[in-house]
Structure formats: C-alpha cells, structure tokens
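Data block below; observations after.
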Amino acid sequence: MVKLGVNIDHIASIRNLRRGFFPDPVFAAHIAEDAGADGITVHLREDRRHINDGDVKNLKRIIKTKLNLEMSISTDIVAFAKRIVPDYVCLVPEKRQELTTEGGLDIVSNRKKIEKVVGELKGKKIKVSIFIDPAFEQIDIAKKIGADFVELHTGKYADARNKTERKKELVKIKKASEYVLQLGIGLNAGHGLDYENVRDIAKIRGMNELNIGYSIICRAVFVGLFQAVKEMRGILKKK
Ligand code: PXP
C-alpha cells in the first residue's frame, strides 16, 4: 500500500496569523496519525513562515510514525537537521518570494554542494530524499550522490490546464518512476496532489509514499482533520 505523509505546514500558517499557539501542529500530527498517516512532513523554511524550530523539536519528540523534514541546503538548516536527526530529510529548492516550492532541486547544476549535504546527513543516519523534477538526468545524479529516495515533483501534473497536458505529465512521471526503480532508489512523489488527481499517481508501480499537504488541510476546514486524512488514506488504499 502506498504510504501517506501528511504535510502539516499550513496548520502552522494559520497559527502564525495571530502569532499565538493555536492550532498546534503537534496536536494536528496526533490527529493525522490517528486517522492513518504513515508519516508527518514539515518544511522548515529559511524565513520560518510556518513551521519553526520549536515545532520540529516537539514533533520529533512526540510523533509515533516518522518525521520527514523538508529543507533547503543552507548551512544553518543543515546544522539544525543534524542536531535534531529526523527520520527523513527531503532536500528541496527554496526561494524567499515563492508561495510554495516551485520545481525540483537542480542536482545536475548543484551537484557538489548537494552531495556534501547528503553525505553529512547520511553520516547522522538520516535517510535522505531529494525533491526533483521527473527527469532522467536528475535521477542519475541522485543515484550517484547516494540519495536513499527521490520525491518526484508532481506540480506540473497537478497544475495541468487540460486532460492532454495532464496525460503528458503523467507519462513523464511514470517513465521517471520506472527509471528510479531500475536504479534501486526509493520512489516518493508529491506536490499539488488532491482527492481527485492523486489516484493515477498512487497507481504507479513501486510508489512508496506520497506527501500531501494543502488539499488535506483545505478539506479539513470543512470536515475536520481526522476525516480529511482518513478520506485520503481510503483513496490510497483503494488505488
Ligand atoms: N513535497 C514537497 C517536497 C513539498 O515541498 C511540498 C510542499 O511543501 C509537498 C510535498 C506538499 O505539497 P502540497 O502542499 O501541494 O500537497
């Protein structure tokens, strides 16, 4: 069965609107786990716009599943991850002005820096994933620099404006997934997945985990977080 990583960043986004304590991401993580999440994902952004250092520390102490920390390769964030030792780290590109992570990390152009970070994190026994576009040349380098997993960026698929475009993006993701499996790397995917477009991605052979945030938190506003996670879990079970 495909695993579900629930990204709870936007629980913290809501909390930060009033700079207070509620809603609490740790409480959200508990609910998500009770509803069937296999892991909790958070992105510690350099500007700390949602999740902050304290949240990550608390989550690490309290969650019962796995903690997946999405992060850039900036020196202070890498140092923080090495202190906290989450179960997984997913390296992502980061731009201050972006609304969300736009595109995968270009490991072809930034190989040296990223390879060093992968080595440092693996040295702390943290499993390392890299968020990349579904492109063969990126997958090749991920393998060469020792990534345990890649997370294929499904944003273009999710944002496709029509069926033809979406199908084209799905084919790209499927081909890339086959290649990831051939090279013996773990296969994850995420970004922009919702209760409808997730089905075809969940059916991809060898898919290990999908990381989903925004659509679940949006649905939770109306049906509650437990129900929203349970419904997504149900879709992944059926696939
Ligand atoms: N995976 C990665 C690497 C991401 O950066 C994000 C967004 O933070 C997600 C998955 C989740 O994307 P969404 O919130 O669109 O479901």
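Count the sequence shown with our numbering and you get residues 51 to 289, in order.
Ideal Cβ placement from N, Cα and C applies to all residues, glycine included.
Since we're looking at a predicted model, the values are computed, not measured.
Annotation: His-203 to Ile-223 spans about 8 Å, alpha carbon to alpha carbon. For Tyr-207, the enclosing alpha helix (DSSP H) stretches over residues 205-209. A residue is called buried when at least 16 other Cβ atoms come within 10 angstroms of its Cβ; Gly-70 does not meet this threshold and is exposed. Here Glu-120 is buried, its C-beta having at least 16 other C-beta atoms within 10 Å. Of the heavy atoms belonging to ligand 1, none sits nearer than 7 Å to the Cβ of Glu-165. Distances between the C-beta of Asn-247 and the heavy atoms of ligand 1 are all 7 Å or more.
Not one heavy atom of ligand 1 is found less than 7 Å from the C-beta of Gly-236.
Rounded to the nearest whole angstrom, the CA to CA distance from Val-106 to Leu-94 is 8 Å. Judged by DSSP secondary structure, Ile-90 falls within the beta strand (DSSP E) whose first and last residues are 89-93. Look at Glu-120: its beta carbon is less than 7 Å from one of the heavy atoms in ligand 1. With the rule of 3 Cβ pairs closer than 8 Å, the region 70-84 counts as touching the region 264-278.
Look at Asn-238 here: in three-state DSSP terms it is strand. Relative to ligand 1, Leu-243 has its C-beta within less than 7 Å of a heavy atom.
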